[in-house]
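Trainee: Adding 1 to a residue's 1-based position in the first sequence gives its number in my numbering. Cβ atoms here follow ideal geometry from the backbone N, Cα and C, with glycine treated the same way. Quick caveat, the model's predicted, so the values are computed rather than measured. I'd like to ask you about the structure that follows.
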Amino acid sequence: MAGASVAELLKGLTAAQQEAVQHVDGPLLMLAGPGSGKTRVVTHRIAYLLHQGVSPRSILALTFTNKAANEMRLRLERLTGQSSVWMGTFHGFCARTLRRYANLVGLADNYSILDAGDSRKALKQAIVVAKVELTYCSPEAVATAISWAKSSLISPTDYKARPGNPIGAIVEEIYPHYQRSLLASNAVDFDDLLMYTAQLLRDNAELRQELDERYRYIMVDEYQDTNMAQYAIIRALSQHTPNLAVTGDPDQSIYGWRGADLSNILEFERDFPGVRVVRLEQNYRSTPNILQVADALISHNVNRKRKTLFTDHAAGRPVRLVVFPSSRDEADHIAASIFSEVQQGRRKFRDFAIFYRINALSRSLEFALRNLEIPYQIVHGLEFYQRKEVKDILAYLFLLHNPQHDVAFLRIINTPTRGIGKKSIQLLMHHAQRHGLSMLEAAREAGLIESLAKRSAVAISRFVAMYDALAVEPADELEDLINSILDGTGYTKTLEASDTEEDEQRLANIEELVTAAQEFDQQHPEENRLQRFLEQASLVNDVDGWDEEPDQVTLMTLHAAKGLEFPVIYIVAVEQGMIPHERSQEDPDQLEEERRLLFVGITRAEEELQLSLAQRRTFRGTERLVVPSAFLMELPRDEMETEQPLEPLDDPDWGEEDDFSDPIPDDAKYFQDEGMADIEQRPQPSAARDSTRLMTAADLLKQQGQGSASSHSPAAFQEGMLVRHPEYGSGLILKVTGSGVKRTATVQFAEVEKKFRLLHAPLEPIQADEEE
DNA sequence: ATTCGCAAAGTTTTT
DNA sequence: CTTTGCGAAT
C-alpha cells in the first residue's frame, strides 16, 4: 500500500492518540474535547487500517456535514494518496442505500429528496387535504412533531398522541396524510432518508446481514448529535462485525432540539460491550485562559461526563468581558477594534469571527462593519440553492427526473406565467385527487375536466407538450438540458425583458447554475447524471461553501460555529433571554444545552476571546433593558478582564487613526448620565485601551443590578463584617450559615434584617478606610 | 394575473 | 424593525 509507514502515521501523536489510531477491531469510543486533534486521529486511524490490509470498500466514515467529510477525504488523500474509502454524511449514505432498495419501502429508485421548504409545502397541502383546522397550532409545530416522530422511528401508523395533547391529536391525523402524499409523489424528506434506511435494515434480515458484512469498519463523527434513527442504522450495521468507532464530545451536543439524543454517547459503553474508551483531552487550539473559562462554564452542567481540558500553550491574554451602554455601541466598538488591529498590522480580517445566538443579531454588526468598510461574510444555512430562480430551474429538472413530483409541478406550472391561475390549479388538484393521479397526469387530462375554462385547458396542454419535448431531450449533458429548459420555457427571455436590478441578479444566478452544471458534467462522466446532480443539490448546502480564503471577518450563529476555529472571537449579547434563550430557561435540559452552546462558542477561540453584552438592546424595534446572562456568573471572573467602555462611538468619523488616542471623557459626567454616579471610583489605568476603563467585576455587576452576583467568593464574608448592598445600603453581617451554593448571611441594615445567598447576593465588603 | 397593503409573528437548523 | 403570507383591489 502506498503512503505513509506506521511510524509516520504515529509520529507526533500523544499516547492517547496513538492508542486510538492503532485500535483495529471492536468498538471504540473517542471522547474528544474541543481542539483535541480529533480529525487528525480519525484520518490517521483510517490510514492505519488500510495499512493493516483492510479493504477500502469495507470502511464507512459518516459525518454530519459535507464540509467535515470533504475535510477528512482531503486529509486522507494527502496521507495515503488514495480516496476509495466512502466518506460522507449520514443522509448521503442513506440516500445512496435507499436508491438501491427503494422498492422495499414503497418508493421507485428515481425518488426525489425534498428540501425543508418543499417538504413544508407538501405538509401544508396535506393539511388542506386532511381538512384539519389548525386554529391553535402552526404548521411549523406540526412539522417539528412529525420530524421528531420520524427521528424516533415512529411510523405514521404507530403514531399515537398522548391523551390531552391537542397538537399531538392534530399530528396524529395529519402525519399519515403527509406521508401518503410524499409516497404518491415518489418523494422523501430529510428525515425519511434516515427512517426508511433504519426500517429497511430492521425488516430485511438478509439485507442487514449483507450490509453489516460489507461495512466492517464504521466510523461516526460527532456522535453526540446522533438521533435514534441514526443510532438504529449504525447499530444494525455493527452486529456481526462490531468494529464501530465513534468520536464525540457530550459537551458539544447542541442539536437536542432537532432530536439528537445525548444518551447515545453517554450510554455507548453499555450498548457495545467491550468498548475501548480513549479520552483526548489535550487541547491544541486555545490558550489556557480561554480553556479555563470554557471549563468553568461547562462544569456547571449536571448531566455530563467529567473531563479535564488542558493545554501546553502559553498563557495568552485574559478573556475579556465587556459591558456596553447600548447594542449600537457594542457593534461599533467591535468593528472599531477589528479595524484598529488590522490597521496596525497585528491581524488580518480573516482572523476574526463574531458569534451570536440568533440571526437577527447580525444586522447591527453588519451595519457597523460596513460603516468602517470592513469586509465580512455571513455564514447562512441557505443561499444559492434556495434562491427562487435556482429553485425554479431545479424544479423543472426534478419533474423531468420524477414526473410524480407534485411540489415541483406546482412550482413551475405557472412559472414563468403562462395564464394558468389559482382557479385552474385548484381544479387540477381536485381532479388528481379524485382519480388518484399525479398532478402531471391530471394535466394530461385537462381537456376532460368540465369546469375548466377552455383557455386554461389549452394553456395546460401547452405546458404538457413543452414538458414532453424536454423529456425526450437526451439528458446526458446537464448543461444542455438546463439550456433547453431556459429556452423552452422562456425563463431567460422573461428576465431579460425586465430591467430591474433584481432580475439582473437573477440572470446572474442562473448563469451560475449553468456553470455549476457544466462543472458537474465534467466531474461526473457516468450515467445517471441528472439523479446525482439533483441529489447533490438537495443534500449539499452552502455552509459547505463557506470560504476560508478571502480576507474577511466571519459572522455566524453559535450553532454554525461548531467545528471551526479562529484566532480572535467575539461573542455578543451574552444576555439573559438570548443565551440562554428565553424559550430554554424553564427546562433544565434545554438550559444545559444552551450552556453547551456557549461552551462551543468559547472553545472556537485560539488566542483571544471577548464576551460582551449591552445594558440596553434595541431588538425588534424596541429598546429594552438587559439582564446579564446567568452564565456569566459561572465564569471565573477574577481571572477575566472586565471592561466598561465609556464613550459611545457615535462619531461618524470614527475609524480615523486619531480617534483611538482620544482623551478619556469625564467620568463623573458619564456616570451621572447613566444614573451611576455613586459608583466606586478607581484610579484611572494609565494605558486604557480603546477609551476603556478597567473595572473590577464587582463594579460591573453592581451596575447591572438585578439578578447579579457578588464577585467575592462566599468564603470572603464573615460574621461581624460590614457590607454594602445597592438597595439597602450598608449593614452588618449577623450570622453566616450553610455551605457551598447555600451559604447564607443574615445582614442587619439600618431599617431591616435580610438573608442573602452569598453566591448570588450583590453584597460588597466595606473596607475600614472607605467607610463613609 | 399581478400588485399592493396590512396584519402577524419573529431560536437555533449539520441534511 | 423585519419579513412573510394572505386577501382584496386593479
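(1) Could you tell me which uninterrupted beta strand (DSSP E) segments, each at least 3 residues in length, are contained entirely in the stretch 376 to 424, listed from first to last along the chain?
(2) My parser needs the beta strand (DSSP E) runs of 3 or more residues fully inside the stretch 28 to 58; what are they?
(3) Under 8 Å: do the stretch 48 to 63 and the stretch 212 to 223 share three or more Cβ pairs, one atom per stretch?
(4) Do three or more CB pairs link the stretch 342 to 355 to the stretch 628 to 641 at distances below 8 Å?
(5) Using only the alpha-carbon positions, how far apart do Ala199 and Asn71 sit?
(6) Using the rule of at least 16 other Cβ atoms within 10 Å of the residue's Cβ for burial, across every protein chain shown, is His334 buried or exposed?
(7) Distance, Cα to Cα, Thr90 vs Val106?
(8) Within a Cβ cutoff of 8 Å, which residues of the same chain sit near Val130, ignoring the five residues on either side of it in sequence?
(9) Does Gln577 come out as helix, strand or coil in the three-state DSSP assignment?
(10) With DSSP as the reference, identify every bridge partner of Glu624, one or two as the case may be.
(11) Does the stretch 519 to 532 touch the stretch 416 to 434, meaning 3 or more C-beta pairs lie closer than 8 Å?
(12) Looking only at its own chain, which residues have a Cβ that is under 8 Å from the Cβ of Leu626, when we skip the five neighbours before and after it?
(13) Spell out the partners DSSP gives Leu281 in its beta bridges.
(14) Assuming Leu514 and Ile394 make a contact with CB atoms under 8 Å, what is their CB distance in whole Å?
(15) Can you give me the C-alpha to C-alpha distance between Ala470 and Asp204, rounded to a whole angstrom?
(16) Would Asn290 be called buried (16 or more neighbouring beta carbons within 10 Å of its own) or exposed?
(17) In angstroms, rounded to a whole number, what distance separates the CA positions of Tyr160 and Val172?
(18) Compare the beta carbon distance of Pro157 and Glu642 with 7 Å and say whether it is the shorter of the two.
(19) What did DSSP end up calling Ser462 once you bin it into helix, strand or coil?
(20) Identify the residues that DSSP records as bridge partners of Leu733: which are they?
(21) Please classify Glu342: does DSSP put it in a helix, a strand, or coil?
(22) Quick one: using the 10 Å Cβ neighbour count with 16 as the cut-off for buried, is Ala699 buried or exposed?
(23) From Ser264 to Asn302, what distance separates their C-alpha atoms?
(24) Who are the Cβ neighbours of Glu282 in its own chain at under 7 Å, not counting the five residues just before and after it?
(25) Where does Glu284 land, buried or exposed, given buried means 16+ other C-beta within 10 angstroms?
(26) Can you list, in chain order, the residues of its chain whose CB lies under 8 Å from that of Leu400, leaving out five sequence neighbours each side?
(27) As an exercise, report each continuous beta strand (DSSP E) stretch of at least 3 residues that is fully enclosed by the stretch 425 to 495, in chain order.
(28) On the three-state DSSP scale, how would you describe Lys756?
(29) DSSP puts Ala188 in a beta bridge; with which residues?
(30) In terms of residue numbering, what span does the alpha helix (DSSP H) encompassing Ile235 cover?
(31) Inspect the beta-carbon positions of Asn187 and Tyr256 and report whether they are closer than 7 Å.
(32) Over the uninterrupted alpha helix (DSSP H) stretch that includes Thr81, give me the two end residues.
(33) Residues in its own chain within less than 7 Å of Ala316 by CB, not counting five upstream and five downstream?
(34) From Gln537 to Asn510, what distance separates their C-alpha atoms?
(35) So which of Leu508, Glu502, Lys563 has the shortest CA-CA distance to Tyr357?
(36) Considering only the beta carbon of each residue, do Ala295 and Ile603 sit closer than 7 Å?
Mentor: The relevant details are as follows:
(1) For the stretch 376 to 424, whole beta strand (DSSP E) runs of length 3 or above, ordered along the chain, are 377 to 379.
(2) Fully enclosed beta strand (DSSP E) runs of 3 or longer: 29 to 33.
(3) Put simply, the stretch 48 to 63 touches the stretch 212 to 223. At least three CB pairs are less than 8 Å apart.
(4) Pairwise C-beta distances place the stretch 342 to 355 out of contact with the stretch 628 to 641, as fewer than three of them are shorter than 8 Å.
(5) Distance between the alpha carbons of Ala199 and Asn71 is about 25 Å.
(6) His334 is classed as buried because its beta carbon has at least 16 other beta carbons within 10 Å across all chains shown.
(7) In a straight line, the C-alpha of Thr90 is about 21 Å away from that of Val106.
(8) Cβ neighbours of Val130 beyond the five flanking positions: His178, Ser182, Gln434.
(9) In the structure shown, Gln577 sits in coil (DSSP, three-state: anything other than H, G, I, E or B).
(10) The partner list for Glu624 (beta bridge, DSSP) reads Thr619.
(11) Counting C-beta pairs closer than 8 Å gives fewer than three between the stretch 416 to 434 and the stretch 519 to 532, which falls short of the contact rule.
(12) By the criterion of a C-beta distance shorter than 8 Å, Leu626 is surrounded in its chain by Gln616, Arg617, once the five residues flanking it on both sides are discounted.
(13) Answer by DSSP bridge pairing, in chain order: Ala33.
(14) Between Ile394 and Leu514 the Cβ distance is about 6 Å, and since that is below 8 Å, they are a contact.
(15) Cα to Cα, Ala470 sits roughly 41 Å from Asp204.
(16) Flag for Asn290 reads buried.
(17) Using only the alpha carbons, I get a separation of about 8 Å.
(18) It is not a contact, given that the beta carbons lie outside the stated cut-off.
(19) Note: Ser462 maps to helix in three-state DSSP.
(20) In DSSP, Leu733 forms a bridge with Leu723, Gln749.
(21) Residue state, collapsed to three classes: helix.
(22) Reliability fails at Ala699, whose pLDDT of 38 lies under 50, so the model's placement of it is uncertain and the value that follows must be treated cautiously. Ala699 is buried by the Cβ-count criterion.
(23) Cα-Cα distance, rounded: 15 Å.
(24) Within the same chain, Glu282 has close Cβ partners Gly34, Ser37, Lys308, Thr309, Leu310, Phe311.
(25) Here residue 284 turns out to be Asn, not Glu, going by the sequence shown. That one is buried.
(26) Listed in chain order, the non-local C-beta contacts of Leu400 below 8 Å within the same chain comprise His406, Ala409, Phe410, Ile413, Leu441, Tyr468, local neighbours out to five positions each way being set aside.
(27) Counting only runs that start and end inside the stretch 425 to 495, there is no beta strand (DSSP E) element of at least 3 residues.
(28) Lys756: strand per DSSP, three-state reduction.
(29) According to the DSSP secondary-structure assignment, Ala188 is paired through a beta bridge with Ser113.
(30) From DSSP, the alpha helix (DSSP H) with Ile235 extends over 229 to 237.
(31) No.
(32) Counting along the chain, the unbroken alpha helix (DSSP H) around Thr81 starts and ends at 67 to 81.
(33) Thr288, Pro289, Asn290, listed in sequence order.
(34) Looking at the backbone, the Cα of Gln537 and that of Asn510 are separated by about 18 Å.
(35) Measuring from the Cα of Tyr357, the nearest candidate turns out to be Lys563.
(36) Result yes, Cβ atoms of Ala295 and Ile603 sit closer than 7 Å.
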